[in-house]
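To start, the structure itself, in structure tokens.
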Amino acid sequence: MLMERMILTKEDLAKYPFLREAAEYVEDLGLKVEDLDDFAYEQVINRAEERVQEAILYAIITKRSYNNDVEILSFPIAILIISTIGDNFLKRRYALAEAKRAYNLLKLENEEKILIMAKNFNWIISFNDKGVIEGLPYKFSIHFINYLKNATSIKGEKWKLINRILIEGNVPLMKGEVARLLAEEVRRYVEKKLDVKELPNLPMGLARRVEMLRALFTREEGKASLEEVPKAVVTSAFPPCVRASYEMTLLGKHIPHVSRFTLTSFLINVGVPVDKVIDLFRNLSDFNERMTRYQVEHIAGERGSRVRYIPPKCSTLRTYGVCVNVDEICKVVQHPLSYYKKKLQLK
Amino acid sequence: MGDLSSLSRTLEFIKGKFAEYYERASSKLKPPSSLERRELGFSLFEGGIIRHKRFTSLDGLTSTLKALAPSDVYYSCAYYERPDATMEEKGWLGADLTFDIDADRIRTACEKAHDSWVCTSCGAAGRGVAPGACPTCNGSKFEETTWLCDVCLEPAKAEVLKLLEFLVDDLGLSEDDIDVYFSGHRGYHVHVESDVVRGLDAEARREVVDYVMGIGLDIRLHGFEIRGTRRPRVVSCPKLDDVGWRGRLAKGVYEFLSIATRESLEGIGLRDKVIDIILAQRDQLLKGWGLLKGVDVNGWRRIAKKGAELRSANVDPVVTTDVHRLIRLAGTLHGKTALRKVKAPLSGIEGFDPLKEAVAFERGEVTIFVYEAPEFRLGERTYGPFKEKMVELPTAAALILLCKGVAIVR
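So this is what it looks like as structure tokens:
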């Protein structure tokens, strides 16, 4: 088939520097990290810096160099910069910014190019022979495994598998939708790329630029954290699901395991101290201080893996039947903690 | 119930029978695929659980079963690099996709006859499923006794059939990769073992659960559309022969409306005016299928919800989404019944008789003292009801009562 033989141009690699072919191209150039201060790479370093700056400031990369080599090479260097700064939040933000950039470009591509891109990520995808379903151009058909891997992190009812047509394992999709899923694949791919185990020593000039970018990031992050949750606990701002579990527990009634986990992790995350949470469960007829303390401290991250757990998100609570008395705020949030913050703002 | 010595004699007896079973049957036991990658776990009659065990050969597993005679045997649906390491260090490699259909989740009329509850705080007791709050002391924790019975297991089978349709027709999974088992107590397990599903993360599995349970359906994305701008509004429905959830919704709505009464329509919260419209136009709607003037999207949403309920498969969401889950190993005994977990044929599951196929003890008789037990069937025979009585029963029937704790060996 013609499209299988279609070769990616250098411009394609510049647009999509995360492609396997782009990585191979860079490798063939035999670039060495210690040479990066060399004037020959000035433009490349500038462009890499710009990628990182835009990611920090706007969480999207919009600008573009029309020099294909600069565009291709700046990507692995930006990866190197972010990995060196090393902050996990920044890594996620950068991956997101690259994904948004890719999405804006992918939307404009023709169907053959989209298919090649998807196959580059080993998707099981083909052109849909039916083509049009109910008047809409479902030009593609992709396997539900590839669909789920990416669609679960996209918000919105229309991305839920149950709201899709699903025939013998395949999900018919429109071009724009495939592009959106591909962007998600890019995001995960870039995130993985940023998980570098051994970092090389950077030459002086580049190292200095990395420090500037680190400072920029710290400054921006400081602004964001000012909007964090306030200290006082406002019971009346609890979401309906948590409130129901909370009231049941106050009455000394037993609630299902998932509800109890949701309630405990919620309380911990809005700032209720461990001892106060334990007290709440004292009313239960089979209260056992030692067991309860162990579990609550575990959820608070004071034991075991040292990870503080957060409550499950709304869609998970729906699956487990914990979601009750949905109200207007519920309709615009995806997480019980977001509900809490939102309701506090409205008060 | 009973003095200590007869209780321990009873436990000793049950354990002896389990050991005897594993002595006799372990050569026929089929290990899970990739045994060396699975975590094995055992519940003991003496109390307690042994977990994080790894076996590299069937021989190793069977000799452990003979020696331990555990009340229950489990294996992980997950594959691990190091199945015997701690949870954090196991190295998850993937997991089978598993579903648990439990008769306890499905209400039947006969539970009043054979299930009972006792409030743990005040001792009040009653028949059927435990109430939300104790009528005497308002407590909320109960000891529940459920029974295994034909009538309860039949609807579970219907859920299995609906689930299989989802797995094969919608998800496109191969029948060769799907196995259905009777759990040995009150339900069915459906296992999918395939490269296709192995790598699915918990989030993706949750989407699969939502899909088969009908959670999060948005009817406007499934062919319910407002036609035109004139009032009364006309909403078009998906067609009966549409694929996937559309066809399912259409069929479910058809089924619901064809038998709906004024009461059942009121029950889903429809306004009187809307109910009048539906009842007046019903015959026409069912014959021509499609348009119903005067029912808006909100009304349809309520009707469709009912239709979706009829067509969705009632599985336990926790089991499917847990990618580390331990599940009962096929061919081993259930500690509450001494029945085997047995495979049910994929085609012809309708004719499968769990209370015959799962019987693990075909020979011998035992005399036991039964405190109280409702009537029950095993194989071709029906036993009971019994009350405070010494009876001689075939081993399998006696073991059910002993395992359930309603009888003792004197």
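These protein sequences, in sequence, are chains V and S. Number 243 in our numbering belongs to position 238 of the first sequence; there are no gaps in the numbering. Number 172 in our numbering belongs to position 169 of the second sequence; there are no gaps in the numbering. Just so you know, even glycine gets a beta-carbon here, dropped at the ideal spot from N, CA and C.
- request: Check distances from the C-beta atoms of the region 151-170 of chain V to those of chain S and list, in chain order, the residues that come in under 7 Å.
  value: Leu153, Lys154, Thr157, Glu162, Lys163, Lys165, Leu166, Ile167, Asn168 and Ile170
- prompt: Mind pulling the chain V residues with CB within less than 9 Å of S/Gly175?
  reply: Taking the second sequence and counting its residues from 1, the one referred to as residue 175 of chain S is at position 172. Within chain V, the residues near S/Gly175 are His148, Phe149, Leu171, Ile172, Glu173, Gly174 and Asn175.
message: On a Cα-Cα basis, can you pick out the residue from S/Leu220, S/Leu32 and S/Cys155 that is closest to S/His117?
response: Position 114 of the second sequence holds residue 117 of chain S. Ranking the options by Cα distance to S/His117, first place goes to S/Cys155.
task: Return yes when the Cβ of S/Lys69 is within less than 9 Å of the Cβ of S/Tyr83, no when it is not.
output: Numbered from 1 along the second sequence, position 80 holds the residue referred to as residue 83 of chain S. Numbered from 1 along the second sequence, position 66 holds the residue referred to as residue 69 of chain S. No, they are not a contact pair.
field: Any C-beta of chain V under 9 Å from that of S/Leu96
entry: For the purposes of this step, residue 96 of chain S is taken as the residue at position 93 of the second sequence. Answer no: the Cβ-Cβ gap between S/Leu96 and chain V never drops below 9 Å.
message: So that I know if they touch, is there some Cβ in chain S lying closer than 9 Å to that of V/Tyr194?
response: For this step, residue 194 of chain V is matched to residue 189 along the first sequence. Cβ-Cβ to chain S under 9 Å: no for V/Tyr194.
query: With distances taken from CA atoms, which of V/Gly91, V/Lys124 and V/Lys96 is nearest V/Glu203?
result: Here residue 203 of chain V corresponds to residue number 198 of the first sequence, with the count starting at 1. Checked all of V/Gly91, V/Lys124 and V/Lys96; the closest Cα to V/Glu203 is V/Gly91.
Interface residues of the region 235-265 of chain S facing chain V [CB-CB below 7 Å]: Val246, Gly247 and Trp248
field: Cα-Cα separation, V/Asn159 to V/Arg192
entry: Position 154 of the first sequence, counted from the first residue, corresponds to residue 159 of chain V. Position 187 of the first sequence, counted from the first residue, corresponds to residue 192 of chain V. Looking at the sequence provided, one finds Ile at residue 159 of chain V rather than Asn. Taking the straight line from one Cα to the other gives about 12 Å.
message: Comparing C-alpha positions only, which one of S/Arg54, S/Ala347, S/Glu39 and S/Arg130 sits nearest to S/Arg85?
response: Taking the second sequence and counting its residues from 1, the one referred to as residue 85 of chain S is at position 82. Comparing Cα-Cα distances from S/Arg85 to each of S/Arg54, S/Ala347, S/Glu39 and S/Arg130, the minimum goes to S/Glu39.
message: Would S/Lys308 pass as an interface residue toward chain V - the criterion being a Cβ-Cβ separation below 9 Å?
response: For the purposes of this step, residue 308 of chain S is taken as the residue at position 305 of the second sequence. Not closer than 9 Å to any Cβ of chain V, the Cβ of S/Lys308 fails to qualify, so no.
task: Measure the beta-carbon distance from V/Glu116 to V/Lys144 and round it to whole angstroms, keeping in mind my assumption that it falls under 8 Å.
output: On the first sequence, residue 116 of chain V is found 111 positions in, with the first residue counted as 1. On the first sequence, residue 144 of chain V is found 139 positions in, with the first residue counted as 1. At roughly 6 Å, the Cβ-Cβ gap stays under 8 Å, so V/Glu116 and V/Lys144 are in contact.
message: Count Cβ pairs between the region 324-339 of chain V and the region 217-224 of chain V that sit closer than 8 Å; are there 3 or more?
response: no
- prompt: Using the C-alpha atoms, what's the distance from S/Val394 back to S/Val373?
  reply: To locate residue 373 of chain S, count along the second sequence from 1; it is residue 370. To locate residue 394 of chain S, count along the second sequence from 1; it is residue 391. Cα to Cα, the separation comes out at about 7 Å.
query: In chain S, which residues lie less than 8 Å from V/Thr324 when you measure between Cβ atoms?
result: By one-based count along the first sequence, residue 324 of chain V stands at place 319. Residues of chain S passing the Cβ test: Arg209, Val212, Asp213, Met216, Ile218, Pro320 and Thr324.
- prompt: Would DSSP call S/Ile181 helix, strand or coil?
  reply: For the purposes of this step, residue 181 of chain S is taken as residue 178 along the second sequence, with counting starting at 1. Strand.
Any 3 or more C-beta pairs closer than 8 Å across the region 243-257 of chain V and the region 274-291 of chain V: yes
Three or more C-beta pairs below 8 Å linking the region 248-263 of chain S and the region 196-211 of chain S: no
- prompt: Taking 9 Å as the CB-CB cut-off, is V/His259 touching chain S?
  reply: Taking the first residue of the first sequence as position 1, residue 259 of chain V is located at position 254. Yes, contact with chain S.
- prompt: Under the three-state reduction of DSSP, which class applies to S/Thr123: helix, strand or coil?
  reply: Sequence index remark: in the second sequence, residue 123 of chain S carries index 120 (1-based). Three-state DSSP puts S/Thr123 in coil, outside helix and strand.
task: Tell me, please, which residues DSSP counts as bridged to S/Gly129.
output: Indexing the second sequence from 1 puts residue 129 of chain S at position 126. Answer is S/Trp120, bridged to S/Gly129.
- prompt: Got a sec: is the Cβ-Cβ distance from V/Val38 to anything in chain S below 9 Å?
  reply: What you label residue 38 of chain V is simply residue 33 of the first sequence in a count that begins at 1. No, because no Cβ of chain S sits closer than 9 Å to the Cβ of V/Val38.
task: Flag this pair as yes or no: are the beta carbons of S/Ala399 and S/Ala376 separated by less than 9 Å?
output: The residue labelled residue 399 of chain S in the question sits at position 396 within the second sequence. The residue labelled residue 376 of chain S in the question sits at position 373 within the second sequence. No, they are not a contact pair.
query: Can you name the start and end residues of the alpha helix (DSSP H) that S/Trp158 belongs to?
result: Stepping through the second sequence from its first residue, residue 158 of chain S is reached at position 155. Correcting the residue identity first, residue 158 of chain S is Pro in this sequence and not Trp. It spans Asp153 to Glu168 - the alpha helix (DSSP H) in which S/Pro158 sits, taken as one unbroken run.
task: Measure how close the beta-carbons of V/Thr157 and S/Glu210 come, nearest whole angstrom, since I'm counting them as under 8 Å.
output: Sequence index remark: in the first sequence, residue 157 of chain V carries index 152 (1-based). Sequence index remark: in the second sequence, residue 210 of chain S carries index 207 (1-based). Contact holds; Cβ gap of about 6 Å.
task: Determine the contact status of S/Arg343 and S/Thr101, defining contact as a CB-CB distance below 9 Å.
output: Position 340 of the second sequence holds residue 343 of chain S. Position 98 of the second sequence holds residue 101 of chain S. Cβ atoms of S/Arg343 and S/Thr101: not closer than 9 Å.
message: Less than 7 Å between C-beta atoms, sequence neighbours within five positions excluded: which residues of the same chain meet that for S/Pro388?
response: Taking the second sequence and counting its residues from 1, one reaches residue 388 of chain S at position 385. Cβ within range, chain order: Ala376, Pro377 and Glu378.
task: Would you list, in chain order, the members of the region 295-312 of chain V that have their beta-carbon closer than 9 Å to a beta-carbon of chain S?
output: Gly309 and Ser310
query: DSSP three-state call for V/Gly181: helix, strand or coil?
result: Here residue 181 of chain V corresponds to residue number 176 of the first sequence, with the count starting at 1. Residue state, collapsed to three classes: helix.
- prompt: Considering only the beta carbon of each residue, do V/Ala45 and V/Phe80 sit closer than 9 Å?
  reply: Within the first sequence, numbered from 1, the residue matching residue 45 of chain V stands at position 40. Within the first sequence, numbered from 1, the residue matching residue 80 of chain V stands at position 75. Not in contact: V/Ala45 and V/Phe80 (Cβ atoms no closer than 9 Å).
message: When you measure from the CB of V/Glu226 to every non-hydrogen atom of the ligand GTP, does any distance come out below 8 Å?
response: For the ligand GTP, the structure offers nothing, since it holds no ligand at all.
- prompt: Which one or two residues does DSSP pair with S/Leu295 in a beta bridge?
  reply: Residue 295 of chain S sits at position 292 when you count from the first residue of the second sequence. Its beta-bridge partners are S/Val238.
message: Please classify S/Gly247 as buried or exposed, where buried requires at least 16 other C-beta atoms within 10 Å of its C-beta.
response: One-based indexing of the second sequence puts residue 247 of chain S at position 244. Buried, by the Cβ-count rule.
Closest by C-alpha distance to S/Leu243, when choosing among S/Ala207, S/Ala161, S/Arg314 and S/Val183: Taking the first residue of the second sequence as 1, we reach residue 243 of chain S at position 240. It is S/Arg314 whose Cα lies nearest to the Cα of S/Leu243.
field: Minimum C-alpha distance to V/Asp200 - residue among V/Glu47, V/Asn93 and V/Val49
entry: In the first sequence, the residue the question calls residue 200 of chain V occupies position 195. Comparing Cα positions, the closest option is V/Asn93.
- prompt: So which residues of chain V does S/Glu378 contact, with C-beta pairs closer than 8 Å?
  reply: For this step, residue 378 of chain S is matched to residue 375 along the second sequence. Near S/Glu378 there are no residues of chain V at all, since even the closest Cβ is about 32 Å away, more than 8 Å.
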